[in-house]
Amino acid sequence: MEWNFLAVLNDIDLLFLGLVNTLKVTGLALFFGVPLGLVLALSRLSTFKPLSAVAGFIVEFFRTTPPLVQLFWFFFALPILIDVSMTPLIAAVVTFSIQSSAFFAEIFRSGIQSIDKGQWEGAKAIGMTYSQSLSRIILPQAVKRMIPAFMERSIELLKTTTLVSTVAYADLMFQANELAQKTFRPLEVYTIVAVIYLVLIFLCSQFSIWVEHRLAKSGEGTVR
Amino acid sequence: MTEIVRIENLHKSFDNLEVLKGIDLTVNSGETVVLLGSSGSGKSTMLRCVNFMEIPTSGKIYLNGDLVGNERSGKMTYRESELCALRSRIGMVFQHFNLFPHMTVIENVMEGQVIVLGRSKSEAREKAMAQLERVGLAEKAEEYPARLSGGQKQRVAIARALAMDPEVMLFDEVTSALDPELVGEVLKSMRQLAEEGMTMLCVTHELGFAYHVANRVLFLNDGAILEEGEPQKILKTPKTDRMREFLEGHSLFKLPD
Chain R
87 MEWNFLAVLN
97 DIDLLFLGLV
107 NTLKVTGLAL
117 FFGVPLGLVL
127 ALSRLSTFKP
137 LSAVAGFIVE
147 FFRTTPPLVQ
157 LFWFFFALPI
167 LIDVSMTPLI
177 AAVVTFSIQS
187 SAFFAEIFRS
197 GIQSIDKGQW
207 EGAKAIGMTY
217 SQSLSRIILP
227 QAVKRMIPAF
237 MERSIELLKT
247 TTLVSTVAYA
257 DLMFQANELA
267 QKTFRPLEVY
277 TIVAVIYLVL
287 IFLCSQFSIW
297 VEHRLAKSGE
307 GTVR
Chain C
16 MTEIVRIENL
26 HKSFDNLEVL
36 KGIDLTVNSG
46 ETVVLLGSSG
56 SGKSTMLRCV
66 NFMEIPTSGK
76 IYLNGDLVGN
86 ERSGKMTYRE
96 SELCALRSRI
106 GMVFQHFNLF
116 PHMTVIENVM
126 EGQVIVLGRS
136 KSEAREKAMA
146 QLERVGLAEK
156 AEEYPARLSG
166 GQKQRVAIAR
176 ALAMDPEVML
186 FDEVTSALDP
196 ELVGEVLKSM
206 RQLAEEGMTM
216 LCVTHELGFA
226 YHVANRVLFL
236 NDGAILEEGE
246 PQKILKTPKT
256 DRMREFLEGH
266 SLFKLPD
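What follows is the structure in structure tokens.
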């Protein structure tokens, strides 16, 4: 048993490309997933029953089905149903945007519901509209409470994106497989990949702790 | 005397529970009207109907002579935008203050002015400081609400409502959540307002405040006005047994004179 990182390090740019693609899918899924999650949460909280029922169904559907099934469905099944040309990237972004939006919706919903009703009343009484109350009074308070759950979910998303290698999207995991086959050095390759994920996620959680402390300084926060 | 608020045959039901059973009331400019009644009598609901925090089941409400909403085949309909505009003209103070904890005191008082009335930040700041001075809290302007006492929070809430230049102020049991020793400072601010000519409608259990400050006292019972009159008369010599019982319950353990 001998460790030899040299062969792997020679082709490290392959892994680097994979890392960029992993971050791209994660970033895009967050970019679309967070606003979509807010829309789903607000729909689910709506007093208009059909809207809240539809949102509830979408959220529960994407929370209860395996992400790999969803990915395969969007990549292999959807193009049969409607005339779209699916690339691995599009399928990955669509799947993980919707899938994570379902989880973000629940985070938004519990965050919004955790805010005292009196805050809505205080805002309403000075003449604020629903959207003004939401954006100026409710969300700024709710978001602070949501940050731990939000970061945990984002980290979960980053890890789940390894699934995209199964539809031949060149993410970090896919590149690692390629490199392992090319160099016959799976031990070194997968060790490096594990360390990359570890460092990435460690940095994310450090960032989240930093943000929480920053927010705690200004008025009410989750950490005091 | 000009009329500020007129309520005509106000009814309000929650599901099958009828809380208000036909209320008529006119509040004139500069008047302080106090609503008394035991819990469940509908006094808070009535107050909350005036600025449409609750939508009346039927009946009409006029502000400054203008009917709120549109009448269509005998039923009132309201647009949300109209109600928002209406609420910005009516100040409301709550039992639990409902200050915005993520904003400083001055930001709390500026918020509605800037976001709802569209005033510039500098104008709003100036107005906010003036109102904070009025309730004696100018030196707390940059604090967060969490650092204030209950009485101070409630006075900030009063300043926040006043900063909108309301045509009438609604007070919903504003001293009920306060430590007894903090009640006085809030009542003092309210009395000062009344003396400066603010039109006020107050739900309270403070009989002393009703006696000394109110121009008129209403006693609500089971969703209707049971008695109405000048505080010196109605609080000393109530006509109904129900109101006599209520007043006795409130002064069971009075200190001897």
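Protein sequences appear in the order of chains R and C.
So our numbering is basically just the index in the first sequence, starting at one, shifted up by 86.
So our numbering is basically just the index in the second sequence, starting at one, shifted up by 15.
We put the beta carbon where it would ideally sit given N, CA and C, even for glycine.
Compare the C-beta of residue i against all C-beta atoms of chain C and say whether one is closer than 9 Å.
| i | result |
| --- | --- |
| residue 202(R) | yes |
| residue 147(R) | no |
| residue 308(R) | Residue placement at residue 308(R) is poorly supported in this model, since its pLDDT is 40, which falls under 50; the coordinates are not used for a value here. |
| residue 233(R) | no |
| residue 215(R) | yes |
| residue 298(R) | no |
| residue 197(R) | no |
| residue 266(R) | no |
| residue 302(R) | no |
| residue 130(R) | no |
| residue 210(R) | yes |
Between the Cα of residue i and those of the options, spot the shortest distance and give me the residue it belongs to.
| i | options | result |
| --- | --- | --- |
| residue 186(C) | 226(C), 82(C), 195(C), 201(C) | 201(C) |
| residue 46(C) | 250(C), 269(C), 254(C), 208(C) | 208(C) |
| residue 238(C) | 20(C), 21(C), 33(C), 22(C) | 33(C) |
| residue 76(C) | 231(C), 244(C), 180(C), 24(C) | 24(C) |
| residue 295(R) | 129(R), 234(R), 93(R), 100(R) | 234(R) |
| residue 168(C) | 52(C), 219(C), 110(C), 241(C) | 110(C) |
| residue 252(R) | 290(R), 174(R), 132(R), 241(R) | 174(R) |
| residue 41(C) | 66(C), 55(C), 18(C), 124(C) | 18(C) |
| residue 44(C) | 132(C), 264(C), 102(C), 79(C) | 79(C) |
| residue 218(C) | 244(C), 188(C), 194(C), 206(C) | 188(C) |
| residue 98(C) | 152(C), 66(C), 198(C), 127(C) | 66(C) |
| residue 142(C) | 195(C), 123(C), 159(C), 253(C) | 123(C) |
| residue 88(R) | 279(R), 284(R), 274(R) | 274(R) |
Output yes if chain R places a C-beta closer than 9 Å to the C-beta of residue i; else output no.
| i | result |
| --- | --- |
| residue 140(C) | no |
| residue 107(C) | yes |
| residue 182(C) | no |
| residue 127(C) | yes |
| residue 176(C) | yes |
| residue 171(C) | no |
| residue 111(C) | yes |
| residue 96(C) | yes |
| residue 101(C) | yes |
| residue 179(C) | yes |
| residue 130(C) | yes |
| residue 104(C) | yes |
Got a sec, what are the start and stop residues for the beta strand (DSSP E) residue i sits in?
| i | result |
| --- | --- |
| residue 264(R) | Taken as a continuous stretch (DSSP letters only), residue 264(R) belongs to no beta strand (DSSP E), being part of the alpha helix (DSSP H) at 258 to 269. |
| residue 24(C) | 18 to 29 |
| residue 184(C) | 183 to 187 |
| residue 181(R) | Premise fails: residue 181(R) lies in the alpha helix (DSSP H), 174 to 199, not in any beta strand (DSSP E). |
| residue 42(C) | 32 to 43 |
| residue 114(R) | No beta strand (DSSP E) holds residue 114(R); the alpha helix (DSSP H) holding it covers 98 to 131. |
| residue 215(C) | 215 to 218 |
| residue 49(C) | 47 to 51 |
| residue 250(R) | Segment: none, residue 250(R) is in no beta strand (DSSP E) and carries neither H nor E. |
Along the chain, where does the alpha helix (DSSP H) that runs through residue i open and close?
| i | result |
| --- | --- |
| residue 249(C) | 246 to 249 |
| residue 162(C) | No alpha helix (DSSP H) holds residue 162(C); DSSP gives it neither H nor E. |
| residue 246(R) | 225 to 246 |
- [ ] Could I get the ranges of all uninterrupted alpha helix (DSSP H) runs contained in the stretch 62 to 144 of chain C, with 4 residues as the minimum, in chain order?
- [x] 95 to 103, 120 to 130
Task: Under 8 Å (Cβ pairs) to chain R, residues found in the stretch 64 to 75 of chain C - done: 66, 68
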